[in-house]
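Colleague: 248 is the number that the numbering used here gives the last residue of the sequence shown; the numbers go up by one with no jumps.
Even for Gly, the Cβ is constructed at its ideal location relative to N, Cα and C.
Predicted model only: the values in this text are computed from it and were never measured.
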Amino acid sequence: MKPLLEVRELTVAYKVRDTMKYAVKNVSFTLGEDEVLAIVGESGSGKSTIALSIIGALPENAVVVRGKILFKGVDLLRLRPSERRDINGKEISIIYQDPIAHLNPLRKVKLIFKDLFEDHGVEFNIQKVLELLRKLKVPDPQRVLESYPFQLSGGMAQRVFIALALVLNPKLLIADEPTSALDLTIQAQVVRLLREVRESFRISMIIITHDIGVATSIADRVLVMCDGELVEEGSPEEILLRPKSKYTANLVNSTKTLYEGVMSWVY
Ligand SMILES: Nc1ncnc2c1ncn2[C@@H]1O[C@H](COP(=O)(O)OP(=O)(O)OP(=O)(O)O)[C@@H](O)[C@H]1O
Ligand SMILES: [Mg+2]
-18 MKPLLEVREL TVAYKVRDTM KYAVKNVSFT LGEDEVLAIV GESGSGKSTI ALSIIGALPE
42 NAVVVRGKIL FKGVDLLRLR PSERRDINGK EISIIYQDPI AHLNPLRKVK LIFKDLFEDH
102 GVEFNIQKVL ELLRKLKVPD PQRVLESYPF QLSGGMAQRV FIALALVLNP KLLIADEPTS
162 ALDLTIQAQV VRLLREVRES FRISMIIITH DIGVATSIAD RVLVMCDGEL VEEGSPEEIL
222 LRPKSKYTAN LVNSTKTLYE GVMSWVY
């Protein structure tokens, strides 16, 4: 598989007063074209820091101590701000767990789409948006486009957010805890939706989650993070049935109930 993204020896720390807190330590992995990778690990293990490094949105006190993030061979850590703006949203998109917090509350959904097209110098194409919303099973997409974000339910806002992430045909979609803020039924719907996205769009994905059930039900390959380090990498089957590390085994056991709960809705 041709690599789309290569993260090499990524090391990121946060400056807190006079000390450096290492959040990501020497992490390397590759993501192939059309491959879906999940990054799992407990809270604070450094998952979001990896995502923010890829999209160039690390907080001000973060320091990339070492490493490279090659996207189609170009090091994302060395982009100029204008090059970065071109890539984000168009080549690389991200969805978060709280979509409503990331949608402009003062603009109707239609205008949020329009802004996105225009920010990337692409002519606004409402037909394309409607088609995509239909594909993502948004009921009554016309009405959704005329709504303000707060008028949408959590599940619907997440679909709109996914549509915004996909509409400019990016090569890479990053989902940072896309399901955690949702209740179990909606969570299962979003899992199903992401599985459909991977089937109907030619896209690579990085799914970040603390839930190994969500990870193994969507991804081709799962990376397990613990305290900033990559402890294990394997297929869903290997991770669930033959974990190499004790840490992964514990993670599998601790999420089993939720996993079974989600799976009973997915299938
Ligand atoms: N701006 C910041 N300043 C200082 N420390 C930070 C900052 N952001 C994150 N951290 C710390 O870095 C570590 C990794 O955080 P990160 O958010 O990447 O973890 P995560 O795996 O995404 O966790 P969660 O599952 O809770 O989202 C944690 O110890 C966190 O407290
Ligand atoms: Mg996080």
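For Asn85, is the classification buried or exposed, using 16 other Cβ atoms within 10 angstroms of its Cβ as the cut-off for buried?
Modeller: Position 104 of the sequence shown, counting from 1, holds the residue named residue 85. Exposed, because fewer than 16 other Cβ atoms sit within 10 Å of the Cβ of Asn85.
Colleague: Check the C-beta distance from Ala156 over to Ile107 and give it rounded, since I have them as a contact under 8 Å.
Modeller: On the sequence shown, residue 156 is found 175 positions in, with the first residue counted as 1. On the sequence shown, residue 107 is found 126 positions in, with the first residue counted as 1. Their Cβ separation, rounded to whole angstroms, is 25 Å, which puts Ala156 and Ile107 out of contact at 8 Å.
Colleague: Under a CB-based cut-off of 9 Å, is Ile187 close to chain B?
Modeller: The chain labelled as chain B is not found in the depicted structure, where only one protein chain is given.
Colleague: Val(-3): buried (16+ other C-beta within 10 angstroms of its C-beta) or exposed?
Modeller: As a position in the sequence shown, residue -3 is number 16, starting the count at 1. Classification for Val(-3): exposed.
Colleague: Mind checking Ser235: buried by the 16 CB within 10 Å criterion, or exposed?
Modeller: Within the sequence shown, numbered from 1, the residue matching residue 235 stands at position 254. Burial call: exposed.
Colleague: Note down, in chain order, each residue of its chain lying with its Cβ closer than 6 Å to the Cβ of Leu175, except the 5 sequence neighbours on either side.
Modeller: Start at 1 with the first residue of the sequence shown, and residue 175 comes out as number 194. Contacts found: Ile199.
Colleague: Where Ser74 and Ala146 are concerned, what is the direct C-alpha to C-alpha distance, given to the nearest angstrom?
Modeller: Counted from its first residue, the sequence shown places residue 74 at position 93. Counted from its first residue, the sequence shown places residue 146 at position 165. Taking the straight line from one Cα to the other gives about 5 Å.
Colleague: Give the C-beta separation of Leu126 and Val148 to the nearest angstrom, bearing in mind that I take them to be a contact with Cβ-Cβ under 8 Å.
Modeller: The residue you call residue 126 lines up with position 145 of the sequence shown. The residue you call residue 148 lines up with position 167 of the sequence shown. In fact, because the Cβ distance is near 12 Å, the residues do not count as touching under 8 Å.
Colleague: Thinking C-alpha only, which one of Leu51, Gly102, Asp201, His83 is nearest Lys71?
Modeller: Position 90 of the sequence shown, counting from 1, holds the residue named residue 71. Of the listed residues, the one whose Cα sits closest to Lys71 is Gly102.
Colleague: Taking only runs that begin and end inside the segment -14 to 11, name each unbroken beta strand (DSSP E) of 3 or more residues, in chain order.
Modeller: Entirely contained in the segment -14 to 11, not one beta strand (DSSP E) run reaches 3 residues.
Colleague: So, with DSSP's three-state summary, where would you put Phe182?
Modeller: The residue given as residue 182 occupies position 201 in the sequence shown. Residue state, collapsed to three classes: coil.
Colleague: With 16 as the cutoff for other CB atoms within 10 Å, does Ser26 come out buried or exposed?
Modeller: Locating residue 26 in the sequence shown gives position 45, where the first residue counts as 1. With 16 or more Cβ atoms within 10 Å of its Cβ, Ser26 is classed as buried.
Colleague: What is the rounded straight-line gap between the Cα of Glu219 and the Cα of Asp100?
Modeller: Mapped onto the sequence shown, residue 219 falls at position 238. Mapped onto the sequence shown, residue 100 falls at position 119. Spanning the two alpha carbons is a distance of roughly 43 Å.
Colleague: Heavy atom of ligand 1 less than 8 Å from the Cβ of Ile31, yes or no?
Modeller: Looking up residue 31 in the sequence shown gives position 50. Correct: Ile31 has its Cβ closer than 8 Å to ligand 1.
Colleague: How many Å lie between Leu(-9) and Gln139 at the Cα?
Modeller: Residue numbering aside, residue -9 sits at position 10 when the sequence shown is read from its first letter. Residue numbering aside, residue 139 sits at position 158 when the sequence shown is read from its first letter. Their Cα atoms are separated by approximately 30 Å.
Colleague: Within 10 Å of its beta-carbon, does Asn231 have 16 or more other beta-carbons around it, so buried, or fewer, so exposed?
Modeller: On the sequence shown, residue 231 is found 250 positions in, with the first residue counted as 1. Asn231 should be labelled exposed.
Colleague: Candidates Asp192, Glu(-13), Lys116: which alpha carbon is nearest Asp56's?
Modeller: Position 75 of the sequence shown, counting from 1, holds the residue named residue 56. When each option's Cα is compared against that of Asp56, the closest is Glu(-13).
Colleague: Please classify Asp96: does DSSP put it in a helix, a strand, or coil?
Modeller: Here residue 96 refers to the residue found at position 115 when the sequence shown is read from its first residue. In this structure, Asp96 counts as helix in the three-state DSSP scheme.
Colleague: For Ser226, collect the residues of the same chain with a Cβ closer than 7 Å to its Cβ; drop the 5 residues on either side in sequence, then sort them by chain order.
Modeller: The count along the sequence shown starts at 1 and reaches residue 226 at position 245. So the list reads Val212, Glu213, once near-sequence residues are dropped.
Colleague: With DSSP collapsed to three states, give me the class of Gly135.
Modeller: Taking the first residue of the sequence shown as position 1, residue 135 is located at position 154. Gly135: helix per DSSP, three-state reduction.
Colleague: Following a CB-centred definition, is Lys28 positioned closer than 8 Å to any heavy atom of ligand 2?
Modeller: Counted from its first residue, the sequence shown places residue 28 at position 47. Lys28: yes, Cβ under 8 Å from ligand 2.
Colleague: Considering just the uninterrupted stretch of the beta strand (DSSP E) at Val195, what are its terminal residues?
Modeller: Walking along the sequence shown from the start, residue 195 turns up at place 214. Careful: Val195 lies outside any beta strand (DSSP E), inside the alpha helix (DSSP H) at 193 to 199.
Colleague: Which class does Asp208 belong to by DSSP, given the choice of helix, strand or coil?
Modeller: Position 227 of the sequence shown holds residue 208. Three-state DSSP puts Asp208 in coil, outside helix and strand.
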